[in-house]
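Per the working numbering, the sequence shown starts with residue 1070, numbered consecutively.
Glycine included, every Cβ here is placed at the ideal spot set by N, Cα and C.
Structure record follows, encoded as C-alpha coordinates.
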Amino acid sequence: MCGNSTFESATAPPLVVQLWSVFEHYFHGIGHPPHPQMADLVNEAQWVNDNADPAHRACHFVKLLSRVTLLPPPGQDFTIYVHQTIPETVCFTGQYYCDNDLLPPSIHACNCSMDMWFNSKMMDTLGRSPLSNNDIAELEFMLHCVVFDAKDSFT
(Lines of atoms letter the chains of each structure in order from A and count residues from 1; the text may use other names and numbers.)
(Lines give C-alpha, C1' and ligand atoms only; values in the text may rest on other atoms or scores of the structure.)
Protein backbone atom coordinates (compact mmCIF):
# COMPACT_ATOMS: atom_id res chain seq x y z
CA MET A 1 0.00 0.00 0.00
CA CYS A 2 1.23 3.45 -0.88
CA GLY A 3 -0.24 6.38 1.02
CA ASN A 4 -0.10 8.25 4.29
CA SER A 5 0.10 6.33 7.57
CA THR A 6 -3.66 6.52 8.24
CA PHE A 7 -4.42 5.22 4.75
CA GLU A 8 -1.94 2.35 5.06
CA SER A 9 -2.86 1.29 8.60
CA ALA A 10 -6.58 2.02 8.93
CA THR A 11 -8.34 3.07 5.74
CA ALA A 12 -7.02 0.70 3.09
CA PRO A 13 -6.87 -2.75 4.79
CA PRO A 14 -10.65 -3.40 4.99
CA LEU A 15 -11.09 -1.99 1.48
CA VAL A 16 -8.44 -4.35 0.15
CA VAL A 17 -10.43 -7.26 1.60
CA GLN A 18 -13.49 -6.02 -0.34
CA LEU A 19 -11.36 -5.60 -3.48
CA TRP A 20 -10.14 -9.16 -3.12
CA SER A 21 -13.75 -10.39 -3.02
CA VAL A 22 -14.43 -8.46 -6.25
CA PHE A 23 -11.44 -10.15 -7.90
CA GLU A 24 -12.68 -13.55 -6.75
CA HIS A 25 -16.16 -12.82 -8.08
CA TYR A 26 -14.71 -11.60 -11.37
CA PHE A 27 -12.58 -14.71 -11.90
CA HIS A 28 -15.46 -17.03 -11.07
CA GLY A 29 -17.40 -15.45 -13.93
CA ILE A 30 -17.36 -16.70 -17.51
CA GLY A 31 -16.68 -14.58 -20.58
CA HIS A 32 -17.67 -10.92 -20.42
CA PRO A 33 -19.40 -9.45 -17.37
CA PRO A 34 -23.11 -8.73 -17.81
CA HIS A 35 -22.72 -4.96 -17.88
CA PRO A 36 -24.91 -2.88 -20.24
CA GLN A 37 -21.91 -1.13 -21.83
CA MET A 38 -20.36 -4.44 -22.94
CA ALA A 39 -22.87 -4.57 -25.80
CA ASP A 40 -21.17 -1.47 -27.23
CA LEU A 41 -17.75 -3.10 -27.06
CA VAL A 42 -18.31 -6.68 -28.24
CA ASN A 43 -20.31 -7.87 -31.23
CA GLU A 44 -22.80 -10.69 -30.72
CA ALA A 45 -20.69 -13.42 -32.36
CA GLN A 46 -17.65 -12.54 -30.24
CA TRP A 47 -19.86 -12.34 -27.13
CA VAL A 48 -21.17 -15.88 -27.72
CA ASN A 49 -17.67 -17.22 -28.43
CA ASP A 50 -16.02 -15.58 -25.40
CA ASN A 51 -18.88 -16.50 -23.07
CA ALA A 52 -18.47 -20.16 -23.98
CA ASP A 53 -14.91 -20.13 -22.61
CA PRO A 54 -14.80 -20.56 -18.81
CA ALA A 55 -11.12 -19.51 -18.80
CA HIS A 56 -11.63 -16.37 -20.90
CA ARG A 57 -11.15 -13.87 -18.07
CA ALA A 58 -8.27 -15.68 -16.42
CA CYS A 59 -6.36 -16.24 -19.67
CA HIS A 60 -6.67 -12.61 -20.75
CA PHE A 61 -5.68 -11.40 -17.31
CA VAL A 62 -2.62 -13.66 -17.17
CA LYS A 63 -1.59 -12.65 -20.69
CA LEU A 64 -1.92 -9.00 -19.73
CA LEU A 65 0.19 -9.41 -16.58
CA SER A 66 2.84 -11.76 -17.95
CA ARG A 67 2.72 -11.67 -21.78
CA VAL A 68 2.18 -15.44 -21.68
CA THR A 69 -1.02 -17.01 -22.98
CA LEU A 70 -0.83 -20.07 -20.73
CA LEU A 71 -2.09 -20.12 -17.16
CA PRO A 72 0.83 -19.91 -14.73
CA PRO A 73 1.97 -22.85 -12.61
CA PRO A 74 0.49 -23.16 -9.11
CA GLY A 75 2.11 -20.73 -6.71
CA GLN A 76 2.83 -18.06 -9.33
CA ASP A 77 1.78 -14.73 -7.86
CA PHE A 78 1.04 -11.26 -9.12
CA THR A 79 1.19 -8.12 -7.03
CA ILE A 80 -1.47 -5.48 -6.58
CA TYR A 81 -0.23 -2.11 -5.38
CA VAL A 82 -2.88 0.09 -3.78
CA HIS A 83 -2.26 3.83 -4.14
CA GLN A 84 -3.80 6.78 -2.35
CA THR A 85 -2.02 9.42 -4.46
CA ILE A 86 -3.14 9.42 -8.07
CA PRO A 87 -0.94 10.83 -10.83
CA GLU A 88 -2.67 12.90 -13.53
CA THR A 89 -1.60 10.40 -16.20
CA VAL A 90 -4.02 7.86 -14.73
CA CYS A 91 -6.92 10.11 -15.75
CA PHE A 92 -5.91 9.98 -19.45
CA THR A 93 -5.90 13.79 -19.90
CA GLY A 94 -9.40 14.28 -18.57
CA GLN A 95 -11.09 11.11 -19.83
CA TYR A 96 -11.67 10.22 -16.19
CA TYR A 97 -12.42 12.50 -13.25
CA CYS A 98 -9.71 11.87 -10.70
CA ASP A 99 -12.02 11.62 -7.65
CA ASN A 100 -15.42 10.81 -9.15
CA ASP A 101 -14.74 7.90 -11.52
CA LEU A 102 -13.55 4.37 -10.94
CA LEU A 103 -10.06 4.58 -12.41
CA PRO A 104 -8.78 1.65 -14.45
CA PRO A 105 -5.82 -0.15 -12.95
CA SER A 106 -2.39 0.27 -14.49
CA ILE A 107 -0.80 -3.01 -15.56
CA HIS A 108 2.94 -3.75 -15.57
CA ALA A 109 3.72 -6.94 -17.48
CA CYS A 110 7.44 -6.61 -16.78
CA ASN A 111 6.94 -7.52 -13.13
CA CYS A 112 3.46 -9.11 -13.05
CA SER A 113 1.93 -6.25 -11.11
CA MET A 114 -1.04 -3.93 -11.13
CA ASP A 115 -1.59 -0.50 -9.61
CA MET A 116 -5.06 0.10 -8.16
CA TRP A 117 -6.10 3.69 -7.55
CA PHE A 118 -8.03 4.26 -4.31
CA ASN A 119 -9.68 7.60 -5.03
CA SER A 120 -12.86 8.81 -3.32
CA LYS A 121 -15.12 6.83 -5.69
CA MET A 122 -13.20 3.58 -5.19
CA MET A 123 -13.05 3.97 -1.42
CA ASP A 124 -16.74 4.88 -1.18
CA THR A 125 -17.72 1.91 -3.32
CA LEU A 126 -15.51 -0.61 -1.54
CA GLY A 127 -16.57 0.84 1.82
CA ARG A 128 -20.13 -0.43 1.37
CA SER A 129 -20.80 -3.69 3.09
CA PRO A 130 -22.07 -5.78 1.59
CA LEU A 131 -21.41 -4.63 -1.95
CA SER A 132 -24.55 -4.39 -4.04
CA ASN A 133 -24.84 -6.25 -7.34
CA ASN A 134 -24.56 -2.87 -9.07
CA ASP A 135 -21.32 -2.08 -7.20
CA ILE A 136 -19.85 -5.44 -8.19
CA ALA A 137 -20.93 -4.96 -11.81
CA GLU A 138 -19.26 -1.53 -11.98
CA LEU A 139 -16.01 -2.78 -10.42
CA GLU A 140 -15.92 -5.86 -12.66
CA PHE A 141 -16.61 -3.73 -15.73
CA MET A 142 -13.73 -1.39 -14.82
CA LEU A 143 -11.38 -4.36 -14.42
CA HIS A 144 -12.64 -6.15 -17.51
CA CYS A 145 -12.19 -3.09 -19.74
CA VAL A 146 -8.48 -3.09 -18.91
CA VAL A 147 -8.19 -6.82 -19.53
CA PHE A 148 -10.37 -6.73 -22.64
CA ASP A 149 -8.92 -3.52 -24.13
CA ALA A 150 -5.26 -4.34 -23.67
CA LYS A 151 -4.92 -6.56 -26.75
CA ASP A 152 -1.16 -6.92 -27.18
CA SER A 153 0.00 -3.66 -25.61
CA PHE A 154 2.29 -4.13 -22.66
CA THR A 155 4.20 -1.89 -20.26
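Can you tell which of Ser1074, Val1215, Met1185 has its C-alpha closest to the C-alpha of Ile1155? Locating residue 1155 in the sequence shown gives position 86, counting from the first residue. When only C-alpha atoms are compared, the closest one is Met1185.
Reduced DSSP category for Cys1179 - H, G, I as helix; E, B as strand; rest coil: Residue 1179 sits at position 110 when you count from the first residue of the sequence shown. Helix.
For Val1215 and Cys1160, the rounded distance between their alpha carbons: Here residue 1160 refers to the residue found at position 91 when the sequence shown is read from its first residue. Here residue 1215 refers to the residue found at position 146 when the sequence shown is read from its first residue. Cys1160 and Val1215: Cα-Cα distance of roughly 14 Å.
Run through the stretch 1095-1171 for me and flag every whole beta strand (DSSP E) of 3 or more residues, listed as ranges in chain order. 1148-1152
Would you kindly work out how many angstroms separate the C-alpha atoms of Asn1203 and Pro1103, rounded to a whole number? Here the question's residue 1203 lines up with position 134 in the sequence shown. Here the question's residue 1103 lines up with position 34 in the sequence shown. Roughly 11 Å separates the two Cα atoms.
Distance CB(Lys1190)-CB(Leu1212) smaller than 9 Å: In the sequence shown, residue 1190 corresponds to position 121, counting from 1. In the sequence shown, residue 1212 corresponds to position 143, counting from 1. No, the Cβ-Cβ distance between Lys1190 and Leu1212 is not below 9 Å.
Please confirm whether Ala1081 and Phe1187 have their CB atoms less than 9 Å apart. Counting from one through the sequence shown, the residue named residue 1081 turns up at place 12. Counting from one through the sequence shown, the residue named residue 1187 turns up at place 118. Yes.
Cβ distance (whole Å) where Phe1076 is taken to contact Gln1153 below 8 Å: As a working mapping, residue 1076 is identified with position 7 in the sequence shown. As a working mapping, residue 1153 is identified with position 84 in the sequence shown. Indeed, because the Cβ distance is near 4 Å, the residues count as touching under 8 Å.
Buried or exposed: which applies to Gly1196, given that a residue is buried once 16 or more other Cβ atoms fall within 10 Å of its Cβ? Residue mapping note: residue 1196 aligns to position 127 of the sequence shown, counting from 1. Its Cβ having fewer than 16 others within 10 Å, Gly1196 is exposed.
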